[in-house]
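Participant: Respectively, the protein sequence lines represent chains R and B.
Counting from -1, one number per residue, gives the positions in the first sequence under our numbering.
Counting from -1, one number per residue, gives the positions in the second sequence under our numbering.
Ideal placement from N, C-alpha and C gives every residue a C-beta, glycine not left out.
Pasting a structure here, questions to come.
Number of protein chains: 2
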Amino acid sequence: MHIEVISNVNEARADRITHRTAIVIDVLRATSTIVTALEAGAAGVLPVETVLEARALQRPYDLLAGERFCRKIAGFDLGNSPPDFIPETVKNRRVILTTTNGTRAMQKALRADTVLAGSLMNGSAAARAAIDLKRDLVLICSGSHDEFALEDGLCAGFIIDRLQAFSQTPAEVDDFGNAMLGFYRSTAGRLSEALLGSATGRRLAKMGFARDIEQCAKSDCSAAVPKLQGDTLVLG
Amino acid sequence: MHIEVISNVNEARADRITHRTAIVIDVLRATSTIVTALEAGAAGVLPVETVLEARALQRPYDLLAGERFCRKIAGFDLGNSPPDFIPETVKNRRVILTTTNGTRAMQKALRADTVLAGSLMNGSAAARAAIDLKRDLVLICSGSHDEFALEDGLCAGFIIDRLQAFSQTPAEVDDFGNAMLGFYRSTAGRLSEALLGSATGRRLAKMGFARDIEQCAKSDCSAAVPKLQGDTLVLG
């Protein structure tokens, strides 16, 4: 298996994605939210780019969720805080989710054979799912405003670490992936601290979302692997 | 001091460079060659983009050096192998150097207040020079063919590690810089091995340049800090 890592959504050229399995990563917070929502029993998560689109697609019983500038969108049922996606709220309901960076990355990933959502919360499960798909793999770090985001790179390194542990044959990892693997290994055990020190983490903490960061840093707390089917993420 | 790291020459936008000190990094091999040449007593190194330009600028007593596809250019005095830049050959002579990636990064860096050349060989010295300049700092990883190169990221992490050790006040490091710092810290003590495992390192080793990699991996073997004066790198 060949593994490539894309450092931010802006770098996600089509030729690096087609014929591969893609794992989209947006640790703070879109893919952590998606994992939490499906783990809590949501029927599916439909990622969309705009608020208008989200409203237009809403059917009775659907939940509208998402953020702009980290905050819940006015009139929406939920923001983008993983701890709010509890069974009492989301069970058996479809969630329409619009976020700043993660949704764009998901759109870019559509050319892949299979699109999965990865986070620190489901890193090992995502790695196992990727191995089972027997394709080359591209990890797409969403980043923040077209720049690299530390937490997404850290998660890419974590998933590569797990892939190497689980694989029968050694994977070929590109330079950026090997750098992220080294970065993860220097940080394992201090994931919360690393997330709190990242640019997005500092911003979220200042806005009162420290609890979100805590949850997003809980590595392997979930076995849910969200997988795109049509336009909706469901449990694989 | 604020420190940013640019992952490859393609990402080097002007607004990230102006009013700052820039350290250009091309570990395999341009900036390692430049450090070695000046350490060996070369009068200066003039980086140029094309072979034609190099030939046109040559004056009596100048040496022509450079590579295309890793190999010495036909008719040139030297390739881009640091071990070849010995005092017997280069002392008091100007070297006109054209390489694939490092020279382009140097051109992009021209908007900075001061441009230095950094490598593993002179990392601590480059860090001290940057502190003395009392400006915000941008580390420009040249990369390879518009992609991130492991060895340049590793060197950026090394220089940030040294900056943090030498600085009186803690530097503010961007997300990519912190990731490279973590990567370096997970790799320190195994620099040769890391370089040999990089995409460029593997290519160079296959072409018979393993000795170059060994030399480029010798951290802090030089106190030379090449500094751009006009269009020529000289000892700062």
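1. Does the pairing of the stretch 137 to 156 of chain R with the stretch 36 to 52 of chain R give three or more beta-carbon distances under 8 angstroms?
2. Of all the options B:Ile157, B:Ser165, B:Pro58, which has the alpha carbon lying nearest to the alpha carbon of Gly175 (chain B)?
3. Report the residue from B:Ser79, B:Ala35, B:Val7 whose alpha carbon sits nearest the alpha carbon of Lys225 (chain B).
4. Can you pull out the residues from the stretch 151 to 182 of chain B whose beta carbon lies closer than 9 angstroms to at least one beta carbon of chain R?
5. Counting pairs of Cβ atoms below 8 angstroms between the stretch 122 to 129 of chain B and the stretch 210 to 227 of chain B, do you hit three or more?
6. So, for Glu149 (chain B): in the same chain, excluding its five sequence neighbours on each side, which residues have a beta-carbon less than 6 angstroms away from its beta-carbon?
7. Using a Cβ-Cβ distance under 8 angstroms, would Leu148 (chain R) count as near chain B?
8. For a test of the three-state rule: what should DSSP assign to Cys68 (chain B), helix, strand or coil?
9. Quick one: does Leu197 (chain B) have its CB under 8 angstroms from some CB of chain R?
10. Quick one: does Ser316 (chain B) have its CB under 8 angstroms from some CB of chain R?
11. Tell me Lys225 (chain B)'s beta-bridge partners as DSSP assigns them.
12. Have a look at Ala115 (chain R) and Ala28 (chain B) and give me their C-alpha separation to the nearest angstrom.
13. Please tell me whether Arg109 (chain R) and Ile4 (chain R) are closer than 8 angstroms, where the distance is taken between their beta carbons.
14. Per DSSP, what kind of secondary structure is Glu42 (chain B) in: helix, strand or coil?
15. How big is the Cα-Cα spacing for Ser117 (chain B) and Glu145 (chain R)?
16. If you follow the alpha helix (DSSP H) that Thr198 (chain R) is part of, which residue opens it and which one closes it?
17. Measure the beta-carbon distance from Thr31 (chain R) to Asn99 (chain R) and round it to whole angstroms, keeping in mind my assumption that it falls under 8 angstroms.
18. Mark Lys89 (chain B) as exposed unless 16 or more other C-beta atoms lie within 10 angstroms of its C-beta, in which case mark it buried.
19. Name the residue from R:Ala41, R:Gln166, R:Asp13, R:Ile211 whose alpha carbon lies nearest to the alpha carbon of Pro81 (chain R).
20. Within this structure, are the beta carbons of Asp134 (chain R) and Arg91 (chain R) separated by less than 8 angstroms?
21. DSSP three-state call for Glu170 (chain R): helix, strand or coil?
22. State the DSSP-derived secondary structure class of Ile4 (chain R), mapped to helix, strand or coil.
23. Should Ser184 (chain R) be flagged as near chain B, meaning a C-beta pair shorter than 8 angstroms?
24. Am I right that Ser184 (chain R) and Ser184 (chain B) are in contact with their C-beta atoms under 8 angstroms? What's the rounded C-beta distance?
25. On the DSSP bridge list, what partners appear for Ile138 (chain B)?
26. Select from R:Leu179, R:Val22, R:Cys68, R:Val43 the residue whose C-alpha is nearest the C-alpha of Gly206 (chain R).
27. Whose CA, out of B:Asn120, B:Val171, B:Arg18, B:Thr230, lies closest to the CA of Asp111 (chain B)?
28. Taking the continuous alpha helix (DSSP H) assigned at Thr34 (chain B), which residues delimit it?
29. Is DSSP giving Ile94 (chain R) helix, strand or coil here?
30. List the endpoints of the continuous alpha helix (DSSP H) containing Arg126 (chain B).
31. Looking only at C-alpha atoms, which of R:Asp159, R:Ala38, R:Ser190, R:Ala186 sits nearest to Ile1 (chain R)?
32. Measure the CB-CB distance between Val232 (chain B) and Val113 (chain B) and report whether it falls below 8 angstroms.
33. Since Thr230 (chain B) and Gly39 (chain B) are thought to touch, with beta carbons under 8 angstroms apart, how far apart are those beta carbons, to the nearest angstrom?
34. In angstroms with no decimal places, state the Cα-to-Cα distance between Leu202 (chain B) and Gly187 (chain R).
35. Would you call Arg102 (chain R) buried or exposed, if buried means 16 or more other Cβ atoms sit within 10 Å of its Cβ?
Facilitator: So, from the data block:
1. No, they do not touch.
2. Check the Cα spacing between Gly175 (chain B) and each of B:Ile157, B:Ser165, B:Pro58: the tightest is with B:Ile157.
3. Nearest option by C-alpha distance: B:Ala35.
4. Taking 9 angstroms as the Cβ-Cβ cut-off against chain R, the residues of the stretch 151 to 182 of chain B that qualify are Gly151, Leu152, Gly155, Asp172, Asp173, Phe174, Asn176, Ala177, Met178, Leu179, Gly180, Phe181, Tyr182.
5. As far as the Cβ criterion goes, the stretch 122 to 129 of chain B touches the stretch 210 to 227 of chain B, which means the pair count is three or higher.
6. Answer for Glu149 (chain B): Val25, Leu26, Leu193, Ser196, listed in chain order.
7. Yes, contact with chain B.
8. Note: Cys68 (chain B) maps to coil in three-state DSSP.
9. Looking at the sequence shown, residue 197 (chain B) is not Leu but Ala. Interface annotation, Ala197 (chain B): in contact with chain R, CB-CB separation under 8 angstroms.
10. What is shown of chain B runs -1 to 234, which leaves residue 316 (chain B) out entirely.
11. According to DSSP, which records beta bridges pairwise, Lys225 (chain B) is partnered with B:Leu114, B:Val232.
12. Linking Ala115 (chain R) to Ala28 (chain B) through their CA atoms gives a straight-line distance of about 40 angstroms.
13. In terms of Cβ geometry, Arg109 (chain R) and Ile4 (chain R) do not form a close pair [threshold 8 angstroms].
14. Reading the sequence as shown, one finds Gly at residue 42 (chain B) and not Glu. The answer is strand: DSSP assigns Gly42 (chain B) an E or B state.
15. Across the structure, Ser117 (chain B) and Glu145 (chain R) are spaced so that their CA atoms are roughly 25 angstroms apart.
16. Its alpha helix (DSSP H) spans residues 197 to 204.
17. 12 angstroms between Cβ atoms; not a contact.
18. Residue environment analysis places Lys89 (chain B) among the exposed positions, since fewer than 16 neighbouring C-beta atoms fall within 10 angstroms of its C-beta.
19. Answer by Cα proximity: R:Ile211.
20. Contact annotation: Asp134 (chain R) and Arg91 (chain R) have beta-carbon atoms that are not nearer than 8 angstroms.
21. Judged by DSSP in its simplified three-state form, Glu170 (chain R) adopts strand.
22. Three-state DSSP puts Ile4 (chain R) in a strand.
23. The C-beta of Ser184 (chain R) comes closer than 8 angstroms to at least one C-beta of chain B.
24. With 8 angstroms as the limit, Ser184 (chain R) and Ser184 (chain B) qualify as a contact, their Cβ atoms being about 4 angstroms apart.
25. Residue pairing by DSSP puts Ile138 (chain B) in a beta bridge opposite B:Ile4, B:Val22.
26. The shortest Cα separation from Gly206 (chain R) among R:Leu179, R:Val22, R:Cys68, R:Val43 belongs to R:Cys68.
27. Closest by alpha carbon: B:Arg18.
28. Counting along the chain, the alpha helix (DSSP H) containing Thr34 (chain B) begins and ends at 28 to 37.
29. Of the three classes helix, strand and coil, the one that applies to Ile94 (chain R) here is strand, per DSSP.
30. Looking at the DSSP string, the run of the alpha helix (DSSP H) that includes Arg126 (chain B) is 121 to 131.
31. Per the Cα distances, R:Asp159.
32. Cβ distance not < 8 angstroms, so Val232 (chain B) and Val113 (chain B) don't count as in contact.
33. Wrong, their Cβ atoms sit about 15 angstroms apart, outside the cutoff.
34. Whole-angstrom Cα-Cα distance: 36 angstroms.
35. Arg102 (chain R) comes out buried.
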